[in-house]
Structures are given as structure tokens and as C-alpha cells.
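Quick notes on the structure that follows.
In my numbering, the protein residues as written are 225 to 599.
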């Protein structure tokens, strides 16, 4: 979870907390979005004149909506007017967390497409599933944060503003899983086949995103005097917490030393990623890699939560929300592994899904023609 806080002075033991990497002029983005919308619409119109079967593109609509959001959120008015350029607009901040989140999605895209090719899933289908999985992962991560910290959102508009509050990793995993299930069902791709493709990219993305948490200053750890403890600058979430509850001098430059839990989780997920890539080489049946991810992260995350110092994480009894979900998911993965092993011993070829051809359009997963319902 992340919260907005200004950066401040740093020292040798202080991470270079850099919440905002750049400030982009919003007027320039507004004009650029409108120009791209016009160009996209003209190019699509020309393509449709050449080939009437060319579908209409929705890109111009998305760009116009983006320009309108810039007008309202940064320009101060939702209604265009002749004098809207007369006053200064707030620049668009490029947050370090957002950059690392975007980087994780791009890296995960290439990893997923490469593994999909190895497992016989067409690139266009893998790309479509990955895209919608990423979108709903962000939605799920935000929804779980809102559910656990609903008292923060007196203004409903703040729910869609990611700089107000934060995201919860397990919510993203749940949202992404549901989107993957639907995408695979729609394209008649066995879910376990795709799960062994997507799991490594999800883990790698988590490792990269946690670097963004470190730069942003969120998800900090408990106080400690260990040699590798880190301190965050004045104004950071850790500093504000320590000044309010642990007697830190408000005029100090740094927070009290804390566990670098962001680094802990990043290292743990890099290790799980290495394990999953090894499992892909030695797996006996589909689902092994997916189970390895759920169990590996389901064990690591609850342990790391013990060393977390931020309090806005929600609770289920004595456990944090992520501890509860991690333990439940690890138990569920163990149960799934039991049934997969049982089925594999009964028929060793049935679960080696990456070796089986995918059904073509108009066929059921077993190769039989689908029956159309009579009307």
C-alpha cells in the first residue's frame, strides 16, 4: 500500500526515496492527446475506405476521454471554455511507483509471450489474456485496498485516484486470476496451461514493483537496530508514523531505523521466480508451476508481514489481510497439488497440457465439433 508524502533529505543509511521522477506539463499532454485522436480517426477512416471490412477503432475515443480527464483533474474545469488556457494547469507527476509498476507489466509481457510460445499458446491469444489480466489486476488491487481501508474514502472520486491510498498485491492477484480464468474459458485454453505461463511473469512483476514501493516510501518495516536497517526522509509515511506514535522529534531529518521489508519481498519474489523457471524445466504435469507460485508467495508474504511497520493493511482477527489470504491460498494450493498428483498417477499424459494441441475454432477442447443450439 502506498500513501502520498513529500520527499526530504537523505543520508548514507537513507534510501534515495524519490516519489516523483518528473513533472510533465498537462497542457502539452492535453493538446497531444487531441492531436493523436484526430490522426488516429483519420487513419482509421482512410483504412476503411480502402477496405470496408476494417473495424472501427476506439482509440480516438480513449484519447479524447484522456484529454477530458486532464482538463478536469489538472486544468480545474470539466467543461471546455475559451479561457481554459489562460491560467496555469497543474503538471502531471510521474510517480516512481507507477514507473516501476509499468516496468513490471512490460517485462511480464515479454516473459509471458515467450513462455506461451514454449507451451503452444498463440501469441495473439496470450497477449490478449495478459492485457486484460493486467487491467483487472490493478482493479483488484485497488478494490482490496478500498475494502480494507474504506474509512479513508469520504469522497467517492478518490477511489479511482491511485495517488489517494494505494494497492494491495493480493487483490491484484485475485483480480488477475479471475480475468485469466475468463480469458482462457473464452478462448478454450485450459486454465492450468495458461497458469504455468503467467505465474513466472506475475512473480517477476511483484519483485520489480516492490522496488517502486521502496522509492515511494510505502510498505515500510518495523523499527529495528539491525545493521541493514534503513531510514526514510522527513515527511515520509514512516517518519510521520514515528513522530506521531514513537516519540520521534518532528524536527528530525529521518525516521527511526526500520526493516527494509520492500527489499525483503523483492528478494523473496526473485527467488520464487528462479524456482518457477526451474520447475518449468523439470515439471511432470501442468499446474506445478502455478502451485509453486501460490505456495511460495503464500509462505513468504505472511512471514514478511511480521516485520511490516505500516498499520493501514487491514486485519482478519490477529492476522493482517495479506497474512490471512497468504495462508488460505497456500492451503488451497496444497490441496490442488494433491489432486493434480492423484490424477497424474492415474494418467501421466492427460495433464501434460503443453504437449497437447489447442482446439481450433468450432471445436470443443476434446476435438469434437461444438453443437449449436436450436432456436
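By construction, the Cβ of each residue, glycine as well, lies at the ideal position given by its N, Cα and C atoms.
Counting along the chain, the unbroken alpha helix (DSSP H) around residue 570 starts and ends at 545-570.
Residues 361, 362, 364 and 365 of the same chain have their beta carbon placed closer than 7 Å to that of residue 396, with the five preceding and five following residues left out of the count. Taking the CA atoms as reference points, residue 421 sits about 5 Å from residue 339.
Contact between the region 515-524 and the region 444-461 is absent, with fewer than three C-beta pairs closer than 8 Å.
Here the region 505-514 lies against the region 569-580, with 3 or more beta-carbon pairs under 8 Å apart. Between the alpha carbons of residue 547 and residue 529 lies a gap of roughly 7 Å. When the Cα atoms are used, residue 332 and residue 349 turn out to be separated by approximately 15 Å.
When 439, 248 and 265 are compared, the shortest CA-CA separation from residue 285 is found for 265. When 407, 324, 357 and 481 are compared, the shortest CA-CA separation from residue 398 is found for 357.
In the structure shown, the three-state DSSP call for residue 530 is coil. Taking the Cα of residue 321 as reference, the smallest distance to any Cα among 501, 440, 354 and 272 is reached at 440. DSSP links residue 318 through a beta bridge to 246. Annotated three-state conformation of residue 537 is coil, per DSSP.
When the beta-carbon positions are compared, residue 427 and residue 330 stay at least 7 Å from each other. Looking only at 418, 245 and 476, the smallest Cα-Cα distance to residue 404 is reached by 418. A distance below 7 Å separates the beta carbons of residue 436 and residue 325. Remark: C-beta atoms of residue 513 and residue 561 do not approach each other more closely than 7 Å. If you compare the alpha carbons of 471, 416 and 488 with that of residue 430, the shortest gap goes to 488.
In this structure the region 239-255 touches the region 297-309; the number of beta carbon pairs closer than 8 Å is three or more. Apart from the 5 residues on each side of it in sequence, residue 500 sits with its Cβ closer than 7 Å to the Cβ of 423, 424, 427, 513, 516 and 517 in its chain, given in chain order.
In this structure, DSSP gives residue 461 a helical state, which the three-state scheme calls helix. In this structure residue 295 touches residue 304 by the C-beta definition: roughly 7 Å separates them, less than 8 Å. In the DSSP assignment, residue 486 falls within the alpha helix (DSSP H) that extends over 485-506. Distance from the CA of residue 536 to the CA of residue 571, rounded to the nearest whole angstrom, comes to 48 Å. Secondary structure within the region 327-407: not one fully enclosed beta strand (DSSP E) run of 3 or more consecutive residues is present. DSSP places residue 420 inside the alpha helix (DSSP H), whose first and last residues are 415-440. Listed in chain order, the non-local C-beta contacts of residue 260 below 6 Å within the same chain comprise 287, local neighbours out to five positions each way being set aside. At the C-beta level, residue 407 and residue 353 come within 7 Å of one another. In this structure, the beta-carbon distance from residue 269 to residue 291 does not fall below 7 Å.
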